[in-house]
Amino acid sequence: RSKQWGLDQIHVEQAWATSTGQGAVVAVVDTGVDLNHPDLAGQLVTGATFTGCKAARPCGKGDFRGPDGKNNGDEHGTHVAGIVAAAANNGVGVAGVAPGAKVMPVKVLENGSGTYGDIADGVRWAADHGADVVNLSLGGLPGTQVLAITGIESKLTNALAYARSKGVLAVAAAGNSATPLCSDPAFTSKNVLCVAATDRNELKSWYSELPVKPDLKAVAAPGGAGLVSCDDDIWSTVPSGTGSAGCRQANYDAYAGTSMATPHVAGVAALLFGQGRSVNSVETALLKTSRQPVTGLRGVYTPAYGYGIVDAAAAVRY
Numbered sequence: 009r010s011k012q013w014g015l016d017q018i019h020v021e022q023a024w025a026t027s028t029g030q031g032a033v034v035a036v037v038d039t040g041v042d043l044n045h046p047d048l049a050g051q052l053v054t055g056a057t058f059t060g061c062k063a064a065r066p067c068g069k070g071d072f073r074g075p076d077g078k079n080n081g082d083e084h085g086t087h088v089a090g091i092v093a094a095a096a097n098n099g100v101g102v103a104g105v106a107p108g109a110k111v112m113p114v115k116v117l118e119n120g121s122g123t124y125g126d127i128a129d130g131v132r133w134a135a136d137h138g139a140d141v142v143n144l145s146l147g148g149l150p151g152t153q154v155l156a157i158t159g160i161e162s163k164l165t166n167a168l169a170y171a172r173s174k175g176v177l178a179v180a181a182a183g184n185s186a187t188p189l190c191s192d193p194a195f196t197s198k199n200v201l202c203v204a205a206t207d208r209n210e211l212k213s214w215y216s217e218l219p220v221k222p223d224l225k226a227v228a229a230p231g232g233a234g235l236v237s238c239d240d241d242i243w244s245t246v247p248s249g250t251g252s253a254g255c256r257q258a259n260y261d262a263y264a265g266t267s268m269a270t271p272h273v274a275g276v277a278a279l280l281f282g283q284g285r286s287v288n289s290v291e292t293a294l295l296k297t298s299r300q301p302v303t304g305l306r307g308v309y310t311p312a313y314g315y316g317i318v319d320a321a322a323a324v325r326y
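Using the working numbering, you'd call the opening residue of the sequence shown number 9 and step up by one each time.
Printed below as a string of structure tokens:
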């Protein structure tokens, strides 16, 4: 916990007296999750696998290994899951933003890539199986926004609209290509909050896309520096034994990216859903209470930070 500066930046410990996210479910639609990680024990609900299926879908319960039983570079989803809801006060590793919430692992990516169709199916499944929040730490390459804008690719946009109709809030990564627009699906869909990344000094991370989209529904959250030091990035869970040599922890690792910023926002949303709020109330609270660095202004949009860095303590009181 001592290395988790991101939790401090979003003032989450001050929020836990009001809500830990109890009763809320966050679907991590990603590469799957290590279902046996000690810091995620008791933190998961049954998930689903939509990639690598030979016939019927889903063909698994969201394990990171997929139907072939192999880890094909699929640590990402476990890292995201830990940021959302790793157990707190258990004497092990890290604490999640919403330790009272549950993670629903939905595997739609293999080795970091997947199809719009699989992602869309994962979003719909999550919405139908009790998710309150859908975390999409993924996105298309710069320029692929045109596919959704022109309607060439509509499956994911439609799935996100369906999820919203079921009362689900979707949050998606802005992207890591340092371009001036949110990547898709965050850019096109009005049913998604776009999330940019900040470093430990509350500066926009160098790699982060600007949180710019037509409806301006965008915020920022801790994503790490993405430079050299492990402790300047975001520590979280990874599948047991896959931690990098550089960061010298077997079951944990430090990553950087808007993929890490997004689950900070999903976790704060879970705190709000844990208070019994509607999806519109949760979205409004996130946008209205996020704060601009330096000025401290709230409810004000800027191209660098969207509506600002999410503030858990302010949001649960809003």
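The C-beta atom is built at its ideal place from N, Cα and C for all residues, glycine as well.
Computed from a predicted structure; not experimentally measured.
Assignment of alpha helix (DSSP H) within the segment 19-95, counting only whole runs of 4 or more residues, yields 84-93 in chain order.
Taken through DSSP and simplified to helix, strand or coil, P271 comes out as helix. The Cβ atoms of L224 and V273 lie no closer than 8 Å to each other. Separation of I317 and V34 (C-alpha to C-alpha, rounded to the nearest whole angstrom) is 20 Å. In the same chain as S267, and ignoring 5 residues on each side of it, the C-beta atoms closer than 6 Å to its own belong to S145, A181, in chain order.
With a contact defined as Cβ atoms closer than 8 Å, A264 and G232 qualify at about 3 Å.
Cβ-Cβ distances below 8 Å link T245 to D42, H45, D47, L48, T86, H87, A89, G90, A94, G101, V102, N259, Y260 in the same chain, with the five nearest sequence neighbours on each side left out; the list follows chain order.
If the five residues before and after K296 are omitted, its C-beta is found closer than 7 Å to the C-beta atoms of R306, G307, Y326, all from its own chain and listed in chain order. In the three-state DSSP reduction, V203 falls in the strand class (E or B).
In this structure I18 is buried. Its beta-carbon is surrounded by 16 or more other beta-carbon atoms within 10 angstroms. Contact annotation: D240 and D207 have beta-carbon atoms nearer than 8 Å.
A distance below 6 Å between beta-carbons, with the five flanking residues on each side excluded, links P311 to the following residues of its chain, in chain order: L218, V220. CA-to-CA, the gap between K62 and V324 works out to about 44 Å. In the displayed model, L280 falls within a helix according to three-state DSSP. Annotated as proximal: P113 and G70, with beta-carbon spacing under 8 Å. Taken through DSSP and simplified to helix, strand or coil, A262 comes out as strand.
A direct Cα-to-Cα measurement between G125 and V131 gives close to 10 Å.
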